[in-house]
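K.L.:
Below is one structure. I have some questions about it.
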Amino acid sequence: MAMRPVTIIGIVVSMLGGVSLGVAAFWSAIYYGGEARHERLLVSAAREIQGSYIAKVDPDDLVDNAIRGMVEGLDGHSAFLDDDALIVLEEATSGRFGGIGVDVAMVDGHVTVISPMAGGPAERVGIAAGDRVVEVDHEPLAGRTLSEAVNVLRGEPGTPVHLRIRRHSITEPLDFDITRESIASVVAHMLAPGVGYVRIYQFDRPTRSDLEAAVEDLQRQASLSGLILDLRGNPGGLLEVAVEVADAFLTEGVIVTIDGRREAQRSFHAADDDIVAGVPIAVLIDGLSASASEVVAGALQDRERAVVIGSRSFGKGSVQSVIRLGSGALKLTTARYITPSGHTIQDGGVTPDVRVLPETSESRQAFDQRLFDTALAELRKTGAG
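Each residue of the sequence shown is one higher than the one before, counting from 31 in the numbering used here.
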């Protein structure tokens, strides 16, 4: 099964002019600026299509498709973003959007719920992990990309949305009416006496401030002796926010190093401001903890600040830059990241210190409880709880 998180790890925006390049300027830049034969061949193909194809081709579509074709041959994280896809990306990282509270991925060609957010709109109506979303507002999702599916699931808080679901154990489809809500990226509560629980669903711009507010609320409830940081199912987000979150629990040293083709290696260092004053931390990860999640888990593990529990993470150790092209943009892999110990996350992921896997017949609730019990036991070894 191929699961690919939708959110990118980092955004670096470059402007290539403030207006559209224009078709003629685009092809001229390639033709006159390039010396290679394949660049001249590309220009010739474009001219032949415009002059000989049986139907008239919109020049802007021709340019978009040419760029899209170039990018499709790269890694799975690079893409050409049209206007709509760029808006979705910007909303996803702003932290200010309405949704139904689900993490989704493309599994065997189907938009599949990986996990509903605890207490969120989707969970409250009964949507479960593994459900396949086949229709949104009576429009089939077949043939749509994951970003297109996410776009129709989102909307203004307070607006209704109708979902048709296929569930593995049930023959007939299930229909749900949900009202979209503002979705927080951080939730927290006390899990046990003295032990706080914080879950981060994605790393967007408000995440660090939301994390600080959540920890302050926990500290008002009780004196913290331990903290569980749950990054399971977290597909990533903004690199700078991942650095901020890791920095919240570290007082010194390297958090992550970025190694790119154009830029020299650049390391991010922690400041002296541990928001939980050194209390023991357990970090929970799984196979869907990706990119920014792996930056945080890898940093806290390598700095010996936390014990990491669960299963090996996804293994997305690359940084995508968003380079604006007219009204669209290129999302291009431009760098990789390295943990403080020198480990490259790409493909290998973060290996947990304590491996805990779900059993075949185990329910999600039973597995969660076993995972929490393991985390509490590990924290108690350090005097927490």
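Just so you know, even glycine gets a beta-carbon here, dropped at the ideal spot from N, CA and C.
Pairing CB atoms from the segment 143-156 with CB atoms from the segment 202-220, are three or more of them under 8 Å?
P.N.:
A contact is defined here as three or more CB-CB pairs under 8 Å, and the segment 143-156 meets this definition with respect to the segment 202-220.
K.L.:
Extract the residue ranges of the alpha helix (DSSP H) inside the segment 134-181, only unbroken runs of 4 or more that lie entirely within it.
P.N.:
Listed in chain order, the complete alpha helix (DSSP H) runs (minimum 4 residues) inside the segment 134-181 are 151-155.
K.L.:
Look up residue 220 in the DSSP assignment and give the residues it is bridged to.
P.N.:
To locate residue 220, count along the sequence shown from 1; it is residue 190. Answer is 226, bridged to residue 220.
K.L.:
For the structure I just gave you, are there three or more beta carbon pairs, one from the segment 333-344 and one from the segment 380-389, closer than 8 Å?
P.N.:
yes
K.L.:
Who pairs with residue 297 in a beta bridge, going by DSSP?
P.N.:
Counting from 1 along the sequence shown, the entry for residue 297 is found at position 267. Per DSSP, 287.
K.L.:
Is residue 301 buried or exposed, if buried means 16 or more other CB atoms sit within 10 Å of its CB?
P.N.:
Locating residue 301 in the sequence shown gives position 271, where the first residue counts as 1. Exposed.
K.L.:
Taking residue 345 as the reference, which of 130, 318, 96 has the closest Cα?
P.N.:
In the sequence shown, the residue the question calls residue 345 occupies position 315. Ranking the options by Cα distance to residue 345, first place goes to 318.
K.L.:
Should residue 83 go down as buried or exposed, given a rule of 16 or more other Cβ atoms within 10 Å for buried?
P.N.:
One-based indexing of the sequence shown puts residue 83 at position 53. Exposed, by the Cβ-count rule.
K.L.:
Cβ atoms of residue 276 and residue 326: under 9 Å apart, would you say?
P.N.:
Counted from its first residue, the sequence shown places residue 326 at position 296. Counted from its first residue, the sequence shown places residue 276 at position 246. Yes, the pair counts as a contact, with Cβ atoms nearer than the cut-off.
K.L.:
In this structure, does DSSP put residue 190 in helix, strand or coil?
P.N.:
The residue you call residue 190 lines up with position 160 of the sequence shown. Here residue 190 sits in strand by DSSP.
K.L.:
Quick one: Cα of residue 170 to Cα of residue 284, how far?
P.N.:
Position 140 of the sequence shown holds residue 170. Position 254 of the sequence shown holds residue 284. Spanning the two alpha carbons is a distance of roughly 47 Å.
K.L.:
Output yes or no for whether 9 Å exceeds the beta carbon distance between residue 146 and residue 133.
P.N.:
Within the sequence shown, the letter at position 116 stands for residue 146. Within the sequence shown, the letter at position 103 stands for residue 133. Yes. Within cutoff.
K.L.:
Which ranges would you report for the beta strand (DSSP E) in the segment 315-356 if only whole runs of at least 3 residues count?
P.N.:
336-340, 348-355
K.L.:
Consult DSSP for residue 378 and reduce its assignment to one of helix, strand or coil.
P.N.:
Reading the sequence shown from its first residue, position 348 is the one you call residue 378. Coil, per DSSP.
K.L.:
Relative to the C-alpha of residue 193, which residue among 250, 254, 248, 129 is closest?
P.N.:
Counting from 1 along the sequence shown, the entry for residue 193 is found at position 163. That would be 129, whose Cα lies nearest to the Cα of residue 193.
K.L.:
Roughly how many angstroms separate the alpha carbons of residue 282 and residue 299, rounded to a whole number?
P.N.:
Locating residue 282 in the sequence shown gives position 252, where the first residue counts as 1. Locating residue 299 in the sequence shown gives position 269, where the first residue counts as 1. Those two C-alpha atoms are separated by around 7 Å.
K.L.:
Please go through the same chain and pick out, in chain order, the residues whose beta-carbon is closer than 6 Å to the beta-carbon of residue 39, but skip the five residues on each side of it.
P.N.:
Numbered from its first residue, the sequence shown carries residue 39 at position 9. Note that residue 39 has pLDDT 44, beneath the 50 cutoff, so the model's placement of it is unreliable and the number below is only indicative. Only 266, 269, 321, 322, 349 meet the Cβ criterion.
K.L.:
Starting from the C-beta of residue 306, find all residues in its chain whose C-beta is less than 7 Å away, skip the five residues before and the five after it, and write them out in chain order.
P.N.:
Within the sequence shown, numbered from 1, the residue matching residue 306 stands at position 276. Excluding positions up to five away in sequence, the list reads 245, 254, 257, 279.
K.L.:
Closest by CA to residue 22, which one among 111, 290, 308?
P.N.:
Residue 22 cannot be examined here, being either before or after the span of the chain that is shown, 31 to 415.
K.L.:
In angstroms, rounded to a whole number, what distance separates the CA positions of residue 289 and residue 105?
P.N.:
Start at 1 with the first residue of the sequence shown, and residue 289 comes out as number 259. Start at 1 with the first residue of the sequence shown, and residue 105 comes out as number 75. Roughly 17 Å separates the two Cα atoms.
K.L.:
Tell me whether residue 151 is buried or exposed, calling it buried when 16 or more other Cβ atoms sit within 10 Å of its Cβ.
P.N.:
As a position in the sequence shown, residue 151 is number 121, starting the count at 1. Flag for residue 151 reads buried.
K.L.:
At what residues does the alpha helix (DSSP H) containing residue 396 begin and finish?
P.N.:
Reading the sequence shown from its first residue, position 366 is the one you call residue 396. Per DSSP, residue 396 belongs to the alpha helix (DSSP H) from 394-410.
K.L.:
Among residues of its own chain, excluding the 5 on either side of residue 312, which ones have a beta-carbon nearer than 6 Å to its beta-carbon?
P.N.:
One-based indexing of the sequence shown puts residue 312 at position 282. 258, 337, 339, 405, 408, 409, listed in sequence order.
K.L.:
In this structure, how does DSSP classify residue 87 when only helix, strand and coil are distinguished?
P.N.:
To locate residue 87, count along the sequence shown from 1; it is residue 57. If DSSP states are grouped into helix, strand and coil, residue 87 belongs with coil.
K.L.:
So residue 215 and residue 236 are supposed to be a Cβ contact under 8 Å. How far apart are they, rounded?
P.N.:
As a first step, residue 215 is located in the sequence shown; it is residue number 185 there, counting from the start. As a first step, residue 236 is located in the sequence shown; it is residue number 206 there, counting from the start. Correct: roughly 7 Å between the Cβ atoms.
K.L.:
Does DSSP put residue 209 in a helix, a strand or coil?
P.N.:
Numbered from its first residue, the sequence shown carries residue 209 at position 179. In the structure shown, residue 209 sits in a strand (DSSP, three-state: E or B).
K.L.:
Throw me the rounded Cβ distance for the residue 416 and residue 137 pair, which I believe falls under 8 Å.
P.N.:
Only positions 31 to 415 of the chain appear in the structure, and residue 416 is not among them; the question remains open.
K.L.:
Relative to the alpha-carbon of residue 414, which residue among 309, 118, 397 has its alpha-carbon at the smallest distance?
P.N.:
Here the question's residue 414 lines up with position 384 in the sequence shown. When each option's Cα is compared against that of residue 414, the closest is 309.
K.L.:
Looking only at C-alpha atoms, which of 394, 74, 141 sits nearest to residue 196?
P.N.:
Here residue 196 refers to the residue found at position 166 of the sequence shown. That would be 141, whose Cα lies nearest to the Cα of residue 196.
K.L.:
Where do the N-terminal and C-terminal ends of the alpha helix (DSSP H) with residue 234 fall, by residue?
P.N.:
In the sequence shown, counting from the first residue as 1, residue 234 sits at position 204. No alpha helix (DSSP H) contains residue 234, which DSSP labels as neither H nor E.
K.L.:
Kindly identify the DSSP beta-bridge partner or partners of residue 366.
P.N.:
The sequence position of residue 366 within the sequence shown is 336, counting from 1. Paired residues: 289, 348.
K.L.:
Buried or exposed: residue 390, going by 16 or more other Cβ atoms within 10 Å of its Cβ?
P.N.:
Residue mapping note: residue 390 aligns to position 360 of the sequence shown, counting from 1. When all chains shown are included, residue 390 counts as exposed.
K.L.:
Hey, out of 353, 148, 182, whose CA is closest to residue 263's CA?
P.N.:
Translated into positions along the sequence shown, residue 263 becomes position 233. Cα-wise, what sits closest to residue 263 is 148.
K.L.:
Label residue 274 either buried or exposed according to how many other C-beta atoms from any shown protein chain fall within 10 Å of its C-beta, with 16 as the threshold for buried.
P.N.:
As a first step, residue 274 is located in the sequence shown; it is residue number 244 there, counting from the start. Classification of residue 274: buried, given that the 10 Å Cβ count is 16 or more.
K.L.:
In this structure, does DSSP put residue 111 in helix, strand or coil?
P.N.:
The residue you call residue 111 lines up with position 81 of the sequence shown. Of the three classes helix, strand and coil, the one that applies to residue 111 here is strand, per DSSP.
K.L.:
Roughly how many angstroms lie between the CA atoms of residue 360 and residue 242, to the nearest whole one?
P.N.:
Along the sequence shown, one-based indexing puts residue 360 at 330. Along the sequence shown, one-based indexing puts residue 242 at 212. One C-alpha to the other measures close to 33 Å.
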